[in-house]
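Peer 1: Please see the structure below; I have some questions.
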Amino acid sequence: MKILSRRLTLTLALGATLAASAAALAVAADKDLIVFDWSGYEDPSFHPKYVEKNGDSPTFTFFGDEDEAFEKVRSGFKADLGHPCSQSVVKWREAGLLQPLDTSKIAGWKDLNPGIMAMKDLATTADGKAWFMPWDWGNTQLTYNSDKVDEKDVQSLKAFADPKFQGRVSIGDNVDDAYALASLAIGLKDWTKMTDDQFKQASDFLRQVHKNVRSYWTDTTDIVQQLSGGEVDLAWAWNDATVQSVAAGVPIKAKKDTAEGISTWVCGYVLFKDAPDNVDKAYDYLNAINDPETAKVLVKDWGYGQANAQGMAGVDQAILKEKGYDDVQKFVDKTLFQSPIPSDLKLKMIAEFEKIKAGY
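Letter by letter, the sequence shown follows residues -28 to -1, 1 to 332 of mature numbering (1 follows the signal peptide of the UniProt record, and there is no 0).
Below, the structure is given as structure tokens:
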């Protein structure tokens, strides 16, 4: 859901070249394993032990968002592994697209972060079956240009609706992140329990934010360009937006300690019910990405956390502090986890967000 190609952090001008490189990698890769993923996750630094064991990376094919991926698989597209995020796992599972995971074949399963594993209906169901291996997690957080915005003016998420930021704001064209922001702003940390009145309050807040929005960003490239080019000064954005902007020499900061906190999302891997190829290689891949050493890449180069708690413990403390993971509990206490929400509530959010963006 959240990562673009690592090489994009070096220069935003390599888009076409990267697309060609990704395509070439897919053609040249191990055809016994097909991974349906977000573009960028084909980076071999995420799975060196798979290459070591099998001689090549898996074949990757890409989707742009989870709804697109869902419809493609439901329509008959075949892959072995998929990479949904916390908001979509229940939908994919209830549609009959998945098969349970054999956790005895996943090294380090017991090392997965207890807080993430405790999220209802995410990794496991009440019957004890495992359906999802959490892997990468990060935040959507207040992000600002420190040369143009005084930190005292962004102590609260309500800053997004402050008239002083009219025309200077960008939030994602993403219903989950939008309602995570709105839920936090009205004081709701568990959106699975959102009442009709709270839904109205959250929607009203987003309407106020809309008055300040210059544009709704669509991916990290988009928001980094907006921030780096001075088009917007205040954004509700993912961790890597800050990492990439700073790498480009722009004074962009993320503020995790607003009065209301941040939103946390979790993405990971599932095994498709009709996985056509080598299931043993699917577990080779899950083991490779769940290796604790992978955390060093995710945290340092991407600004994200690995769900493997042992992996996070092995990252240099200076890097953890730089990326904001040195005291995870400090901000976990003030976060909205993007847990799966009831399908009727999700449909309401989708319909209302479209109205809000249209100015209604």
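For glycine and all other residues, C-beta sits at the position ideal for the given N, C-alpha and C.
Is Val7 helix, strand or coil when you go by DSSP?
Peer 2: Strand, per DSSP.
Peer 1: So, helix, strand or coil for Leu(-4), using DSSP?
Peer 2: With a pLDDT of 40 at Leu(-4), under the threshold of 50, the predicted position of this residue should be treated as unreliable, though the coordinate-derived value follows. The answer is helix: DSSP assigns Leu(-4) an H, G or I state.
Peer 1: For Ser175, does the three-state DSSP call read helix, strand or coil?
Peer 2: Helix.
Peer 1: Find the nearest neighbour of Asn26 within the set Lys101, Ala1, Ala290, Trp10, judged by alpha-carbon distance.
Peer 2: Comparing Cα positions, the closest option is Ala1.
Peer 1: Taking all protein chains shown into account, decide if residue 379 is buried (16 or more other Cβ within 10 angstroms of its Cβ) or exposed.
Peer 2: A question about residue 379 goes unanswered here, because the residues of the chain that appear run from -28 up to 332.
Peer 1: In this structure, how does DSSP classify Asn211 when only helix, strand and coil are distinguished?
Peer 2: Helix at Asn211.
Peer 1: Quick one: measure Cβ to Cβ for Ala226 and Thr115, integer angstroms, because I've assumed they're closer than 8 Å.
Peer 2: Indeed they touch by this definition, with Cβ atoms about 5 Å apart.
Peer 1: Distance, Cα to Cα, Phe18 vs Asp168?
Peer 2: Their Cα atoms are separated by approximately 42 Å.
Peer 1: Using C-beta distances below 8 Å, list every residue in its chain close to Val218, excluding the 5 sequence neighbours before and after it, in chain order.
Peer 2: Excluding positions up to five away in sequence, the list reads Ile224.
Peer 1: If we count Cβ pairs, one from each stretch, closer than 8 Å, do we get three or more for the region 128 to 143 versus the region 101 to 108?
Peer 2: The region 128 to 143, when compared against the region 101 to 108, does not touch it at the 8 Å Cβ threshold.
Peer 1: Given this structure, state the Cα-to-Cα distance separating Gln113 from Gly233, to the nearest angstrom.
Peer 2: Rounded to whole angstroms, Gln113 to Gly233 spans 8 Å at the Cα level.
Peer 1: In the DSSP assignment, what are the bridge partners of Tyr188?
Peer 2: Tyr188 pairs with Ile143.
Peer 1: Would you list the residues sitting across from Gln278 in a DSSP beta bridge?
Peer 2: According to DSSP, which records beta bridges pairwise, Gln278 is partnered with Asp108.
Peer 1: With a threshold of 8 Å on Cβ separation, who are the neighbours of Thr307 within its own chain once the five nearest residues in sequence on each side are excluded?
Peer 2: Taken in chain order, the residues that qualify are Asn111, Lys161, Gly233, Ile234, Ser235, Thr236.
Peer 1: First and last residue of the beta strand (DSSP E) that includes Leu243?
Peer 2: Looking at the DSSP string, the run of the beta strand (DSSP E) that includes Leu243 is 234 to 244.
Peer 1: I'd like the list of long-range same chain contacts for Phe32, defined as Cβ closer than 6 Å, with 5 residues on each side in sequence excluded.
Peer 2: Only Ala(-3), Val7, Asp9, Glu14 meet the Cβ criterion.
Peer 1: Which same chain residues end up closer than 8 Å to Arg46 when comparing Cβ atoms and leaving out the 5 residues on each side of it in sequence?
Peer 2: Result list for Arg46: Ala67, Leu69, in chain order.
Peer 1: Under the rule that 16 or more other beta-carbon atoms within 10 Å means buried, what is Phe325, buried or exposed?
Peer 2: The residue in question, Phe325, is buried, as its Cβ has 16 or more Cβ neighbours within 10 Å.
Peer 1: Going by CA-CA distance only, name the one from Met89, Thr192, Trp208 that's closest to Leu178.
Peer 2: Cα-wise, what sits closest to Leu178 is Trp208.
Peer 1: What three-state label does DSSP hand Asp288 in the structure shown?
Peer 2: Asp288 falls in the coil class under three-state DSSP.
Peer 1: Would the region 243 to 252 and the region 39 to 58 be scored as touching if the rule is three or more Cβ pairs under 8 Å?
Peer 2: Contact between the region 243 to 252 and the region 39 to 58 is present, because at least three Cβ pairs lie under 8 Å.
Peer 1: Can at least three beta-carbon pairs, one atom from the region 184 to 195 and one from the region 116 to 127, be found at a separation below 8 Å?
Peer 2: Judged by Cβ distances under 8 Å, the region 184 to 195 makes no contact with the region 116 to 127, as fewer than three pairs qualify.
Peer 1: What are the residues that DSSP puts in a beta bridge with Asp2?
Peer 2: DSSP lists Pro30 as partners of Asp2.
Peer 1: Please report how far the alpha carbon of Asp176 lies from the alpha carbon of Asp148, in whole angstroms.
Peer 2: Those two C-alpha atoms are separated by around 16 Å.
Peer 1: Under a three-way DSSP split, which group does Ile224 fall into?
Peer 2: Strand.
Peer 1: In the region 56 to 125, which residue ranges form an unbroken beta strand (DSSP E) of at least 3 residues, counting only runs that do not cross its ends?
Peer 2: Whole beta strand (DSSP E) segments, 3+ residues: 105 to 117.
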